[in-house]
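Asks: The opening residue of the sequence shown carries number 0 in numbering that gives the first Met the number 0; numbering runs sequentially from there.
Ideal Cβ placement from N, Cα and C applies to all residues, glycine included.
This structure is a prediction, so every number in the text was calculated from the model and none was measured.
Attaching a single structure in structure tokens format; questions to follow.
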Amino acid sequence: MDKVIITVAVIGSRPSREQNPYLPMTPEEIADSAYEVFNEGASIVHIHVRDPKTQKRSMDPQLYRRVVERLRAKCPMIINLTTGAGGQLVVKQDNQPDLSSSLLASPEKRVEHILQLKPEFCSLDIGSSNNGPGVFVNAEPVIDRMAELIKASGVKPEVEIFDFGHIQIADRLMKMGLLEKNAHFQLCMGTRMGVPATPKYAVSLSEALPPGVTWSIFGVGPAQFPMVAMGVLLNGHVRVGFEDNLYMKKGELAKSNAEIVRRTVEIIRSLNKEVASVDEARKILSLS
0 MDKVIITVAV
10 IGSRPSREQN
20 PYLPMTPEEI
30 ADSAYEVFNE
40 GASIVHIHVR
50 DPKTQKRSMD
60 PQLYRRVVER
70 LRAKCPMIIN
80 LTTGAGGQLV
90 VKQDNQPDLS
100 SSLLASPEKR
110 VEHILQLKPE
120 FCSLDIGSSN
130 NGPGVFVNAE
140 PVIDRMAELI
150 KASGVKPEVE
160 IFDFGHIQIA
170 DRLMKMGLLE
180 KNAHFQLCMG
190 TRMGVPATPK
200 YAVSLSEALP
210 PGVTWSIFGV
220 GPAQFPMVAM
230 GVLLNGHVRV
240 GFEDNLYMKK
250 GELAKSNAEI
260 VRRTVEIIRS
270 LNKEVASVDE
280 ARKILSLS
């Protein structure tokens, strides 16, 4: 494949302005950051929202609406909304749940903004894993119900893969008819809870995917740009952005998502590939 799709995760649920003062936090800042990366060549934006007052993660559909409506008025970018919030379980040392620090929600609540706003894409986390002092929880009944609701809405899921076992879960969803055979996968490399961001694991994980699917890859922290190169070399697509990495290089903070995308475009072109336009991305991903 000669065209590489760039996805940008402009702000996740964890990075703070104490870590990088340039992070977008309000719905308007998030939408404007997405528009900036569109102008640099990104086709897809992956969106989390934050409470504008506390800057903490939020599941408020109205915050998503403010981002989506502002961005749709500016450009034809493919919008990918997260459904990851609502699966965070913090566990105390005595193995009892710390519900005051957890964020657990029903499948319906986790996809509420998807059903209301109908983006072209949304993330679908299909596996559970350790996550610092707790567990990122995605039990089968919850996964099945979220997949069912997303499919009924006409939104295409982006299947998040943090470990090899998650591919078996995806195979199961395909057999149940809850995932299409041409599904799109996101290979999540270098998280504390998942597959290390190395060339060896990037090759192994991409080769383990079901036939006929499309996929993208990201690396956390210093692995971000190396995993861009791996995605290009393996004929996949790439994701970058502040959700996964705050630096251009060691000791040098990135000043914007757009700056990260410019470096990404340079890497893609240095490897004799071209960046996919939004229309080309829609065609590659069977969105049009």
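(1) Where are the beta strand (DSSP E) runs, 3 residues long or more, that stay fully inside the stretch 194 to 236, in chain order?
(2) Taking the continuous alpha helix (DSSP H) assigned at residue 51, which residues delimit it?
(3) For residue 253, which residues of its own chain have a beta-carbon under 8 Å away from its beta-carbon, when the five flanking residues on both sides are left out?
(4) Could you give the DSSP three-state label for residue 38: helix, strand or coil?
(5) Within the same chain, show all residues whose beta-carbon is closer than 6 Å to that of residue 136, passing over the 5 residues directly before and after it, in chain order.
(6) Could you check what DSSP says for residue 133 in three-state terms: helix, strand or coil?
(7) Under DSSP, the beta strand (DSSP E) around residue 8 begins and ends at which residues?
(8) Where does residue 86 fall in DSSP's three states?
(9) Just the C-alpha distance for residue 238 and residue 148, rounded to the nearest angstrom, thanks.
(10) Let's test the definition: count the other Cβ atoms within 10 Å of the Cβ of residue 82 and tell me whether it reaches 16, buried, or not, exposed.
(11) Residue 67 by DSSP, collapsed to three states: which one?
(12) Have a look at residue 7 and residue 156 and give me their C-alpha separation to the nearest angstrom.
(13) To the nearest whole angstrom, what separates the beta carbons of residue 177 and residue 158, a pair I think is in contact under 8 Å?
(14) Return the residue from the list 71, 232, 250 and 109 that minimises the CA-CA distance to residue 221.
(15) Comparing alpha-carbon positions, which option in 78, 58 and 268 lies nearest residue 227?
(16) Taking only beta-carbon atoms, is residue 229 less than 8 Å away from chain E?
(17) Quick check on residue 106: does DSSP put it in helix, strand or coil?
(18) Kindly indicate which three-state DSSP category residue 245 falls into: helix, strand or coil?
(19) From 286, 130 and 12, pick the residue whose C-alpha is nearest to that of residue 53; which is it?
Replies: Based on what the coordinates show:
(1) 213 to 218
(2) No alpha helix (DSSP H) contains residue 51, which DSSP labels as neither H nor E.
(3) 19, 21, 241, 244, 245, 246, 247 and 259
(4) helix
(5) 86, 88 and 127
(6) strand
(7) 5 to 8
(8) strand
(9) 25 Å
(10) buried
(11) helix
(12) 16 Å
(13) About 11 Å separates the two Cβ atoms, so there is no contact after all.
(14) 250
(15) 268
(16) Reference to chain E is not applicable here, since this structure consists of a single protein chain.
(17) helix
(18) coil
(19) 12
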